Structures are given as C-alpha cells and as structure tokens.
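A quick write-up on the structure given underneath.
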Amino acid sequence: MEHYDVVIVGSGHGGAQAAIALRQNGHEDTILMVSRDRNLPYERPPLSKEYLSGEKPFERIQIRPEKFWSERQVGLRLGCNVNEVDWMAHELALSDDSRVTYRKLIWAAGGDARRLSCSGADLGGIHTVRSRRDVDALKMELLAGSKRAVIIGGGYIGLEAAAVLRKLGCDVTVVEMEDRVLARVAGPALSEFYATYHRAQGVDLRLSTAVERIEGDGDKVTAVLTDSGETIACDIVIVGIGIVPSVGPLIAAGAAGSNGVDVDQYTRTSLDDIYAIGDCAAHANPYADNKVIRLESVQNATDMATTAAKAIMGDKQAYDAVPWFWSNQYDLRLQTVGISIGHDQTVLRGDPAEAKFSVVYLRENRVVALDCVNNTKDYVQGRKLVMERAELDPDLLADPGVPLKEMR
Ligand SMILES: Cc1cc2nc3c(=O)[nH]c(=O)nc-3n(C[C@H](O)[C@H](O)[C@H](O)COP(=O)(O)OP(=O)(O)OC[C@H]3O[C@@H](n4cnc5c(N)ncnc54)[C@H](O)[C@@H]3O)c2cc1C
13 MEHYDVVIVG SGHGGAQAAI ALRQNGHEDT ILMVSRDRNL PYERPPLSKE YLSGEKPFER
73 IQIRPEKFWS ERQVGLRLGC NVNEVDWMAH ELALSDDSRV TYRKLIWAAG GDARRLSCSG
133 ADLGGIHTVR SRRDVDALKM ELLAGSKRAV IIGGGYIGLE AAAVLRKLGC DVTVVEMEDR
193 VLARVAGPAL SEFYATYHRA QGVDLRLSTA VERIEGDGDK VTAVLTDSGE TIACDIVIVG
253 IGIVPSVGPL IAAGAAGSNG VDVDQYTRTS LDDIYAIGDC AAHANPYADN KVIRLESVQN
313 ATDMATTAAK AIMGDKQAYD AVPWFWSNQY DLRLQTVGIS IGHDQTVLRG DPAEAKFSVV
373 YLRENRVVAL DCVNNTKDYV QGRKLVMERA ELDPDLLADP GVPLKEMR
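Here the numbering used here is used: the first residue of the sequence shown is 13, the next is one more, and so on.
Structure, rendered in structure tokens:
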C-alpha cells in the first residue's frame, strides 16, 4: 500500500495552498493531493466571472502551472474521489480501488452545489456553477444559442452569472426566495443597491418568489413555474442556491460536525491527525464574536491552509485572519472586509446613485465590517478599523469627506 506523509483531499484553493504552504514551511517529505476534479488546481471565482464570459481561458485561472507541482514533488491524483476514511488505521479508500495511508490528513473538499429538489430538477439545460466542468457545459449551451435564462438564487454567484449573461446578450430573470438579494451576506442598503443596478441593466428580478417546479419538453427545460403562479419561459436555468459541505466520509468516520466538519483554532478535527480547511470547515471565528461558522471565500481557504500547514510543521498559530471577499458585477467591484452578522447599526458613506460608496457595519459602536463598492480606499483603510474593532462616532463615519484612516 502506498504511504504519504501528508495526504490532501481536494485541489481547490485550500488544498493547493496547503501543499504550497507545507513546502514553504520546510516540509520535505511526501505529499499527495487527491481530487475528484480532473483538472490541475484552478481558481473558482472566475467561473462566474471572466471564465464564464470567455475573457480568461483555463490556463489563466490555474493556481499554478503543472511544472510547479512536479518541481515541488507534490503528487497529484486527479479525477479520484476519497470514499472512506479509516482514522484509526490512518488509511483512505479511493474511487480507483486503491488505498493509501498517511501520517497527517488535510481535508479540503469544499462543497457541492446545492441542487433543486422540485419536480423537473433533473431536466437538461439546468446548470450549477461550481466546477470548470459545470461552466464548460453552460458555455456550450450558450454557444449553441440558448438565450433565455432563469437564474435561481440572488446570492453572489447568481448575480455574477446574471451580469455575465446580460453582457452576452441573454434575457435574464433572477428568482429569489427572500425579499432582497444577497440577504445571507449583506445588509439591506447593499441589497437594494444591487437590485436596482441589475434591474437597470435589464435583469427581470423577482423577489419573494420561490420555484414550484420546472417544466420541460422531452428532457429539455422550457419553463420555470413560481409559487406566484407565473410561468417563466426559458431554455437555460442556472441554480445558485449555496453549497452542501463535502464532508460525508469524515462524518461517517466519526468526525464531529453538522454543518460541515468542526475544527479547532488550529484547524484540527475531532479525529486524530486530521485537519479540515476552507468551505467545509466550521470554526469559531474571532471576527464573528467566536460564533461557529463556515466561510466560503478564497481568503478563508488559503489562510486556513497556511494555519494547518504550520501546525503540521510544529508551528502552531491560532487561526485569526481578517475575513475578506470580493465580487465583480458589470462595472461594480465590491470588496468586503470583516463579518457583518450580529451588527446593530449601519452607516452609509457616499452616494449609491454614484455607484461609489461604502456600508460600515457596527456592533456596540465598534466597526465589525465594511462593504465597499468601487471604493478601494475605504476598503483598505477600513480593514484596519475592523482589525482593531475601532469604536467610532457614526456621524463622523457617515462623512465620506473624512478618510477612514483619519478617524482613529
Ligand atoms: C462560481 C464561484 C465564484 C466565487 N467567487 C468568489 C469570489 O469572488 N471571492 C471569493 O473570495 N470567493 C469566491 N468563491 C468561493 C471560493 O471559490 C471558495 O470559497 C473556495 O474555492 C473554497 O476553497 P476550498 O479549497 O475549501 O474548496 P473548493 O475550491 O471547492 O475545492 C474542493 C475540492 O475538493 C474536491 N473534492 C470534494 N470532495 C472530494 C472527495 N471526497 N474526494 C476527493 N476530492 C474531493 C473537489 O472536486 C474540489 O476540487 C466563489 C466560488 C464559486 C463556485
């Protein structure tokens, strides 16, 4: 049976960075990265942005070129699923019928796109946006002439896809169950701004609307039926309703966790010698008042990967990286820092009508997060305020003429 010092499950942002950080921190023993995905490690954010629009080819979204992995002797077993974990034997069962043993395991398996459960959910023409394969399939249909799209879910991925599809000349309807877009991640001011902007770009946005079923002709989608009794004709459906953490084999092995797998501040799971990082890892986040959360961001995956790699190398440092995220839609660049959950006040800086403004989130007068639209200066300066949990006067914060760096 093959043995590796470290086995990494998943080749996304977390898995790739874990291998990079191990080598950077002096790890010289064997590393194997096993991934269900058949491609070399690649960035996921462009999948709903420049890769979908065709502005960036696959080569430009690879995290590192092939020779990087071979030069550093990081073994890649791609197109291979980890089916079972035997934590006592430190052994994995893989989908190619092989078994490998490890000294340390890093679980960086992310999540699978959540699928619809209504009638018609399996029809052709229904897409998710999680992997290169998903997006290649979507692009093929667009190239073949599909032009009427219904996007289910008004979160970041749904809205980014809507922006690209409008640019490509499609008719786009976005159906969102909540009464505002981005409800899970942002305050009402930002939601309102994005809803207005999308509508101005020609997106037909239906809020407080749920999907009842999907209809097809043969095996191809023809319409989405909503709970308000409407039939929206379409030839393509994109489902952007979140992810299901990919932790089945770990939980089956006995790891603690419910929404993802639980990890401590060093990214250790409850099973000996098994770490978990990225989208699938539920952790107490210091920027969320130590609430146990999962973060779905490149920042979180890469910083957790570094924490895990350092812990494996004997340099234990608790995970306390400041959360940040970005989203590109049309000519809008949103940058967020901190975590807004639990805020009790928001302050608007600037004028949304000019498409350049920030929303500052406060808890007990302390800055906990910022959403900055086309406002990198606020993002950069606000980051320090979030890190310091700065206590500031809301009236002063509301004045865009006063730079944030001058407020401390
Ligand atoms: C379309 C899209 C746009 C995004 N845009 C942004 C953005 O603008 N900004 C931002 O910060 N974040 C963005 N994100 C989120 C970000 O990409 C994720 O948070 C990040 O990829 C998480 O990294 P990860 O390593 O935890 O998981 P992933 O990148 O999902 O990698 C998980 C890997 O594990 C593999 N795998 C799963 N189960 C198994 C198994 N049992 N055996 C073997 N392999 C397995 C998968 O195939 C995959 O390769 C976006 C995500 C998507 C999908």
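Using N, Cα and C, we set each Cβ at its ideal position, and we do this for glycine too. If you're wondering where the values come from, they're calculated on a predicted model, not measured in any experiment.
| Item | Value |
| --- | --- |
| Heavy atom of ligand 1 within 8 angstroms of LEU171 beta-carbon | no |
| Start-end ranges of the beta strand (DSSP E) lying completely within the stretch 337-419, minimum 3 residues | 344-350, 357-363, 368-375 and 378-385 |
| Inter-residue spacing [alpha-carbon to alpha-carbon] between ALA381 and LYS396 | 10 angstroms |
| Near ligand 1: PHE337 beta-carbon under 8 angstroms from a heavy atom | yes |
| Simplified DSSP state of TRP81, which is helix, strand or coil | helix |
| For VAL275 and MET13, the rounded distance between their alpha carbons | 29 angstroms |
| C-alpha distance - MET316 paired with GLY290, whole-angstrom precision | 6 angstroms |
| Residue of ARG361, LEU360 and TRP336 minimising C-alpha distance to GLY350 | TRP336 |
| Check: TYR168 C-beta below 8 angstroms from any heavy atom of ligand 1 | yes |
| Nearest-angstrom beta carbon gap, GLU172 and SER60 [assumed within contact, 8 angstroms] | 4 angstroms |
| Coil, strand or helix - THR279 by DSSP | coil |
| Inter-residue CB distance, GLY272 and VAL251 (contact presumed, cutoff 8 angstroms) | Actually they are not in contact, since the Cβ atoms of GLY272 and VAL251 sit about 21 angstroms apart, beyond 8 angstroms. |
| Coil, strand or helix - ASN297 by DSSP | strand |
| Among ALA365, MET325, ILE263 and VAL371, the one whose alpha carbon lies nearest that of TRP99 | ILE263 |
| Straight-line Cα distance separating ASP343 from GLU55 | 21 angstroms |
| Distance cut-off 8 angstroms: HIS25 Cβ against heavy atoms of ligand 1 | yes |
| Sequence-distant residues of its chain with Cβ nearer than 8 angstroms to HIS355 (five each side left out) | GLY199, TYR373, LEU374, ARG375, VAL380 and ALA381 |
| beta-carbon PRO422 near ligand 1 non-hydrogen atom, thresh 8 angstroms | This structure cannot settle anything about residue 422, because the visible part of the chain is limited to 13 through 420. |
| Assigned exposure category for LEU117 - 16 Cβ within 10 Å defines buried | buried |
| Proximity test, GLU55 beta-carbon vs ligand 1 heavy atom, cut-off 8 angstroms | yes |
| Cβ contact (3+ pairs, closer than 8 angstroms) linking the stretch 318-331 and the stretch 148-157 | no |
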